[in-house]
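Each remark here refers to the structure printed beneath this line.
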Amino acid sequence: MEEFASRPMGAQDIPGASAIEASVPDGWSERGVADALSSPAGRCFIAHDARGAAGFCACTLAGGEANIDAVSVRADARRKGVGEGLLRTALRALKEEGASEVFLEVRSENTPAIRLYEKLGFSPVGVRRGFYKDPPDDAVVMKKEL
Numbered sequence: 005m006e007e008f009a010s011r012p013m014g015a016q017d018i019p020g021a022s023a024i025e026a027s028v029p030d031g032w033s034e035r036g037v038a039d040a041l042s043s044p045a046g047r048c049f050i051a052h053d054a055r056g057a058a059g060f061c062a063c064t065l066a067g068g069e070a071n072i073d074a075v076s077v078r079a080d081a082r083r084k085g086v087g088e089g090l091l092r093t094a095l096r097a098l099k100e101e102g103a104s105e106v107f108l109e110v111r112s113e114n115t116p117a118i119r120l121y122e123k124l125g126f127s128p129v130g131v132r133r134g135f136y137k138d139p140p141d142d143a144v145v146m147k148k149e150l
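In this text, residue positions in the sequence shown follow our numbering: the first is 5, and each later residue adds one.
Structure representation (C-alpha cells):
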C-alpha cells in the first residue's frame with residue numbers, strides 16, 4: 005500500500021485540490037476551493053502521497069454542527085485508504101473544535117462512498133431528491149454523532 009499523509013490544508017494546496025475536484029462530477033472550481041479555505045466556517049483538509057495531492061475534503065463548522073461539503077480522491081489513489089484517512093483526520097479535527105454531530109450528502113448510486121461512510125459510523129437520515137445535476141442523482145443525507 006502506498007504511503008500518504010493528511011493534514012489541514014493551506015493556500016499552497018489550492019492548485020492540487022482544484023485539480024482533483026476538476027476530475028470528479030460536480031467538482032468545485034479553483035475559486036470554490038479557495039473560498040472554502042478562506043471562509044471563517046470552512047475547514048479544509050488535503051492528503052498527499054509521492055505523486056502530490058491525493059485527496060481533498062472541505063467541511064463547514066458552526067454552532068457545534070459540521071457538514072462535510074466535499075470529499076474527492078485522485079483517480080489513481082482511490083481504494084487505497086486515502087479517503088478514509090482524510091475523513092478520519094477531518095472528523096478528529098472537527099471534534100477537537102467542538103462539533104458534536106456531522107452531516108453529509110452522498111450520491112445515492114455511489115455505493116463505495118456510502119460503505120465508507122457507514123464504516124466510519126455515519127447513518128442515513130434522509131434523501132434529497134434531484135440534489136445532484138451532473139449527472140442527475142438523489143443525495144442520501146447521512147449523520148454521525150461525535
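Ideal placement from N, C-alpha and C gives every residue a C-beta, glycine not left out.
If the criterion is Cβ atoms closer than 8 Å, does the pair residue i and residue j meet it?
{"i": "Ala143", "j": "Val106", "result": "no"}
{"i": "Ser104", "j": "Val28", "result": "no"}
{"i": "Ile3", "j": "Leu41", "result": "Outside the modelled stretch of the chain, which goes from 5 to 150, sits residue 3, for which no answer is possible."}
{"i": "Gly36", "j": "Ile50", "result": "no"}
{"i": "Leu108", "j": "Asn71", "result": "yes"}
{"i": "Ala97", "j": "Pro12", "result": "yes"}
{"i": "Gly102", "j": "Gly68", "result": "yes"}
{"i": "Asp30", "j": "Lys99", "result": "no"}
{"i": "Gly125", "j": "Val145", "result": "no"}
In angstroms, rounded to a whole number, what distance separates the CA positions of residue i and residue j?
{"i": "Glu7", "j": "Ala45", "result": "30 Å"}
{"i": "Arg132", "j": "Ser112", "result": "10 Å"}
{"i": "Gly89", "j": "Glu122", "result": "14 Å"}
{"i": "Pro139", "j": "Ser43", "result": "28 Å"}
{"i": "Ala9", "j": "Ala21", "result": "14 Å"}
{"i": "Arg55", "j": "Gly87", "result": "16 Å"}
{"i": "Gly85", "j": "Ala94", "result": "14 Å"}
{"i": "Asp53", "j": "Leu150", "result": "28 Å"}
{"i": "Arg83", "j": "Ala117", "result": "10 Å"}
{"i": "Ala38", "j": "Leu91", "result": "20 Å"}
What first and last residue would you give for the beta strand (DSSP E) that runs through residue i?
{"i": "Pro190", "result": "No information on residue 190 is available, as it lies outside the stretch 5 to 150 that the chain covers here."}
{"i": "Asp39", "result": "Note, Asp39: premise wrong, no beta strand (DSSP E); alpha helix (DSSP H) at Glu34 to Ser42."}
{"i": "Lys99", "result": "Element bounds for Lys99: not the beta strand (DSSP E) but the alpha helix (DSSP H), Val86 to Glu100."}
{"i": "Arg119", "result": "Per DSSP, Arg119 belongs to no beta strand (DSSP E); it is in the alpha helix (DSSP H), Thr115 to Lys123."}
{"i": "Val75", "result": "Glu69 to Val77"}
{"i": "Val28", "result": "First-last for Val28: undefined, no H or E at that position."}
Exposed or buried, residue i, counting other C-beta atoms within 10 Å across all chains shown (16 or more means buried)?
{"i": "Lys148", "result": "buried"}
{"i": "Ala57", "result": "buried"}
{"i": "Asp141", "result": "buried"}
Pull up the CB-CB distance for residue i and residue j, whole angstroms please, since I reckon it's below 8 Å.
{"i": "Cys61", "j": "Ala81", "result": "That belief does not hold up - the Cβ atoms of Cys61 and Ala81 are roughly 13 Å apart, past 8 Å."}
{"i": "Arg47", "j": "Cys63", "result": "4 Å"}
What residue range does the alpha helix (DSSP H) around residue i cover?
{"i": "Ser22", "result": "Ile18 to Glu25"}
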